[in-house]
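Count the sequence shown with UniProt numbering and you get residues 1 to 875, in order. Where is the CB? At the ideal position from N, CA and C, for every residue including glycine. In what follows, a single structure is set out as structure tokens and then discussed.
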Amino acid sequence: MQRLFGERVPQIQALASSASPPASAELLPWIRKNEIGGDAVIETPFGRRQAIYCDYTASGRAIRPIEDYIGDNVLPLYGNTHSTVTVTSEQTTLLVHDARQEIRSMTGAGDGDSVIFTGTGTTAAVELLIHLMQPEKLVVINFIHEHHSNLLPWRSIAKACYSVKEAVDGRANIGDLVHVLEKSRKAYPDCQILAAFSACSNITGICQDVQKITATAKRYKAIVVWDYASAAPYVDINVNGTQPLDAVFFSGHKFVGGVSTPGVLVVKKSLIRATKPKRIGGGTVFFVTPTAEWYLKDAENREEGGTPDSVGIIRLALAVKLKRAIGEQAIIAREAHKSQRFLEGLQKCDNVVLLGAPTVRNRLAVFSFLVKDPISGLFFHHNYITALLNDLFGIQSRAGCMCAGPYAQFLMGIDERLAAQYLASLRETEGLDRTHLRRVGEHSCQEVLRPGFTRMSIPYFWSDEQVDHLVDCIRFVSERAADFIHLYQINCESAKWHHDKQRTFHARKLDYVSFTKHGMVVEEKKRDTSDPVLPEKSIEEAKQLADESLEALKKTVVPDGRFAIDERHAHLRWFVLPIEVTERAMGKSVDYPNLPFVPRKYPGIVSEMNGELGTNLQTSSNEQINGDSIAAKRDTEPGFREDTGDWEIIDKHFKDNCVPCSSDVAQCSPDSAERGNERWGGLGTDEDPEEAKDSDEHKRVTKLIHGLDMIKKMCIFSAWSKRGQIVVGVVMVICLILTAVPTFNGKMLGWDCTKDIKNCEDSTNHEGYLKTVAIFMCLALLFEIIALAWNVFTFCACYCKKYLTRPLVILSLIATIMLLIAVIIYGVNKDSTKKLENKDKGQYGYSFWLSICALVLAAADTVIAALVCLGKRRL
1 MQRLFGERVP
11 QIQALASSAS
21 PPASAELLPW
31 IRKNEIGGDA
41 VIETPFGRRQ
51 AIYCDYTASG
61 RAIRPIEDYI
71 GDNVLPLYGN
81 THSTVTVTSE
91 QTTLLVHDAR
101 QEIRSMTGAG
111 DGDSVIFTGT
121 GTTAAVELLI
131 HLMQPEKLVV
141 INFIHEHHSN
151 LLPWRSIAKA
161 CYSVKEAVDG
171 RANIGDLVHV
181 LEKSRKAYPD
191 CQILAAFSAC
201 SNITGICQDV
211 QKITATAKRY
221 KAIVVWDYAS
231 AAPYVDINVN
241 GTQPLDAVFF
251 SGHKFVGGVS
261 TPGVLVVKKS
271 LIRATKPKRI
281 GGGTVFFVTP
291 TAEWYLKDAE
301 NREEGGTPDS
311 VGIIRLALAV
321 KLKRAIGEQA
331 IIAREAHKSQ
341 RFLEGLQKCD
351 NVVLLGAPTV
361 RNRLAVFSFL
371 VKDPISGLFF
381 HHNYITALLN
391 DLFGIQSRAG
401 CMCAGPYAQF
411 LMGIDERLAA
421 QYLASLRETE
431 GLDRTHLRRV
441 GEHSCQEVLR
451 PGFTRMSIPY
461 FWSDEQVDHL
471 VDCIRFVSER
481 AADFIHLYQI
491 NCESAKWHHD
501 KQRTFHARKL
511 DYVSFTKHGM
521 VVEEKKRDTS
531 DPVLPEKSIE
541 EAKQLADESL
551 EALKKTVVPD
561 GRFAIDERHA
571 HLRWFVLPIE
581 VTERAMGKSV
591 DYPNLPFVPR
601 KYPGIVSEMN
611 GELGTNLQTS
621 SNEQINGDSI
631 AAKRDTEPGF
641 REDTGDWEII
651 DKHFKDNCVP
661 CSSDVAQCSP
671 DSAERGNERW
681 GGLGTDEDPE
691 EAKDSDEHKR
701 VTKLIHGLDM
711 IKKMCIFSAW
721 SKRGQIVVGV
731 VMVICLILTA
741 VPTFNGKMLG
751 WDCTKDIKNC
761 EDSTNHEGYL
771 KTVAIFMCLA
781 LLFEIIALAW
791 NVFTFCACYC
801 KKYLTRPLVI
811 LSLIATIMLL
821 IAVIIYGVNK
831 DSTKKLENKD
841 KGQYGYSFWL
851 SICALVLAAA
861 DTVIAALVCL
871 GKRRL
């Protein structure tokens, strides 16, 4: 790089002009062409395959021109920073300064914000933020979606922690956020509320409404910080927008071209209370004497002590320039397009269970899934699926819980009780001597039981053909996974699955590198030099391999992995074993364990592209995959969730009360939505109650519902309410008959009609208490008739609001009381009744017992009617 000494270092040349509209379209094939590793070939047990990288959510890949720029323009004049006396130190210092300015531009940071580079990504950024804030009394609110980096550090210092539930579209439940904010403010009035949220889930790729959530939290004077680790490479970040953000942090290594780059913390200077650096040392001080030291006041300089990762910082600036050259809006549009294409293809994969809401809008192309074995009802182990995708097609995906344990467990349907059982099975022996015994991991030999899933992220610069090929590979594995499983062996202690021909890793190692008098020498191992199987031909070859594997199945000796799992924890096994697949293939009867958890199901989501509501309703991929669509279930038991046993009315307008069939959805009270949100928990409305009435989105959805004629003239209360009212009616009819028979007994009423039915005479010698009994029996009969009529009316008129079913309870209760009084009077005068029985040949005894039966049925009917009204029990 040629320049005069002291001349201002020019800005790093942009890879493309961000002002040029066609730049994004031109850059996409350029990225595909220059991605280092895009044409890499790996060796698998089934031959050579081209590596297909689908793990950008974990880490991005290098771009060759960026690396060339660093090699040609940065490294030749690289020097340590913290000095500007020599050309090398000044050059590097100025490039780092330019890189900081690039981050400021991308995030909208101003003079009131500090931009600080942190060593190990988001984890280091959160720890530094806590140090800078020096919090004393803190109440922390997180989403259920949080990555461990934005969860565990806050837990360690907070006086109390709250988690906000998820809405039906996979985003944060803003109604529950308001509830949590109010609850925390009342419970801890002297504490500062800090809301630490993830802008995007690294499991589902679903993004949050940052501005709306920030505005909601700010109303309660909360400090709001955002984790942009998964979102920063794709979305717009503005810390000084309509709703200023107190702090944001992200990992540079997730950017396209951002390999080996540091994390970034952007924080409001007004939040910084620390006067000493987190890492005390060189580059953090203003002046030092033998007995005292004075630290720098500027946090950007004070908190970057030691020698910074200057090359990584400059590389991050170039990756940011590339992102901005393409444009955030263009990237988001590409992400939505890839998501739509992938989800449409996944609908054909019957055995794939997608985790999270299958929505297209407000998401990045990140997908997590499990593959189900349809015969056993169990899943295939996620490490096996990931290994098979690698070995057959070269697909580089990721398996595990993605460092978001609570959300992963939530999505898989694992409650705290079950999670505790898994923990007990996974923990190593407490008395193990770790000082003198070398161990690879801190877990027991039952690590294979740890639940997990496979995650893939589709780069926005991929072509549609690449996305289609990826879907085809997943479909093939989901259909033919059982055909290969006998070829793989499990290490129960590490949970790794390896093909029996590839038990050791033979790729390059540092041991192959040595330095001699000839310089650096790399030892080359003998390798297969045949041409790799091209992606477009890999499916056909995989089919052929599956057929060959089936032919060899009967000749293969498969270890019985059932004996490797402790009997105490065998009930926790959620995956099928190779021995079980082998035995059933040979015609043997196999006793499979019950599946200990069922992944959470989501309702249908309206597809939205480019901000417009689409007309195609998508049901959850989970339900389509399992062949038991939620839509079909709603015909009989709407809102019932098999995985949790809870009743859920998904739409916020039907949470608390049903409405008449003919009424408009907008007539529902926002208050009922808030009450329903507290009542049902989990999935709920994503609307802020204070904004529900004026929400444009609410109006658009309402218009769409009516435009698609989704509301029919039918009873819109749940099936259990229908059955409840039917039971009430049947019981009431029986009760009415049992009440009427003794009531209309002539002797009971005090009339003697035995001589002439047309000329009944008053029985002058009739006992007086029987007349009182007859009066109460008549009243009971009257209220039973009214209750029955009201029950029929509310059922047939298609109403089910609470205030309409309450009279049913009251009427049944009054009838019960009337019968109770009559029975009590009977009982008190039982001696007189016996005399009358002897006189009139048992005309009264059977009436007494019929009244007892009527009383029991009336009481039961009252209880059933109350349950129907309260809506808290499944009948």
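Are any of the Cβ atoms in chain D nearer than 8 Å to that of residue i?
i: arginine 568; result: No chain D appears in the structure shown, which is made up of a single protein chain.
Taking DSSP as the reference, what is the three-state secondary structure of residue i?
i: leucine 855; result: helix
i: histidine 498; result: strand
i: alanine 330; result: helix
i: asparagine 829; result: coil
i: valine 868; result: helix
i: tryptophan 462; result: coil
i: threonine 307; result: coil
i: lysine 555; result: helix
i: asparagine 34; result: helix
i: aspartate 861; result: helix
Measuring straight from C-alpha to C-alpha, what distance separates residue i and residue j?
i: arginine 562; j: leucine 572; result: 12 Å
i: valine 239; j: glycine 305; result: 25 Å
i: valine 471; j: cysteine 492; result: 30 Å
i: valine 285; j: histidine 97; result: 19 Å
i: isoleucine 103; j: alanine 196; result: 21 Å
i: valine 85; j: tryptophan 294; result: 23 Å
i: valine 320; j: methionine 412; result: 35 Å
i: glutamine 340; j: lysine 33; result: 24 Å
i: glycine 258; j: leucine 177; result: 34 Å
i: threonine 386; j: lysine 372; result: 14 Å
i: isoleucine 206; j: isoleucine 458; result: 14 Å
i: valine 598; j: alanine 124; result: 35 Å
i: glutamate 127; j: proline 153; result: 7 Å
i: histidine 179; j: proline 406; result: 21 Å
i: leucine 194; j: valine 41; result: 47 Å
i: leucine 132; j: valine 74; result: 32 Å
i: threonine 636; j: tyrosine 384; result: In this prediction, threonine 636 has a pLDDT of 34, which is less than 50 and means its spatial position is unreliable; nothing more can be read from the coordinates.
Would you list the one or two residues that DSSP bridges to residue i?
i: arginine 363; result: Ile206
i: residue 945; result: Nothing can be reported for residue 945: it is not among the residues displayed for the chain, which extend from 1 to 875.
i: residue 879; result: Lying before the first or after the last residue shown, residue 879 is absent from the chain, which here runs from 1 to 875.
i: asparagine 491; result: Lys496
i: glutamate 166; result: Ala172
i: arginine 398; result: Arg455
i: lysine 268; result: Asp113
i: glutamate 293; result: Val288
So, for residue i: in the same chain, excluding its five sequence neighbours on each side, which residues have a beta-carbon less than 6 Å away from its beta-carbon?
i: proline 21; result: Note that proline 21 has pLDDT 40, beneath the 50 cutoff, so the model's placement of it is unreliable and the number below is only indicative. Hits under 6 Å: none found.
i: alanine 865; result: Val728, Leu808, Val809 and Ser812
i: leucine 28; result: Phe461
i: tyrosine 56; result: Ser457 and Pro459
Over the uninterrupted alpha helix (DSSP H) stretch that includes residue i, give me the two end residues.
i: threonine 114; result: This sequence places serine at residue 114; threonine is not what is there. That residue, serine 114, is in no alpha helix (DSSP H); its beta strand (DSSP E) goes 113-118.
i: residue 877; result: With the chain represented from 1 up to 875, any question about residue 877 goes unanswered, as that position is not in the structure.
i: glutamate 583; result: 578-585
i: tryptophan 154; result: 152-155
i: glycine 258; result: Here glycine 258 belongs to no alpha helix (DSSP H), and DSSP marks it neither H nor E.
i: glycine 121; result: 121-133
i: isoleucine 223; result: Counting along the chain, isoleucine 223 falls outside any alpha helix (DSSP H), though it belongs to the beta strand (DSSP E) covering 223-227.
Short of 8 Å in beta carbon distance, which residues of its chain neighbour residue i, apart from the five on each side in sequence? Order them along the chain.
i: valine 533; result: Gly47, Arg48, Arg49, Gln50 and Glu541
i: valine 733; result: Leu788
Within the same chain, show all residues whose beta-carbon is closer than 7 Å to that of residue i, passing over the 5 residues directly before and after it, in chain order.
i: alanine 859; result: Thr816
i: tryptophan 226; result: Phe197, Ala199, Val210, Leu245 and Val248
i: glutamate 442; result: Glu428
i: histidine 569; result: Ser425, Gln446 and Leu449
i: threonine 743; result: Ala774, Met777, Cys778 and Leu781
i: asparagine 791; result: Gln725, Val728, Gly729, Met732 and Leu808
Since residue i is in the beta strand (DSSP E), which residue starts that stretch and which ends it?
i: glutamine 192; result: 192-198
i: serine 251; result: 247-251
i: serine 514; result: 513-516
i: leucine 354; result: 352-354
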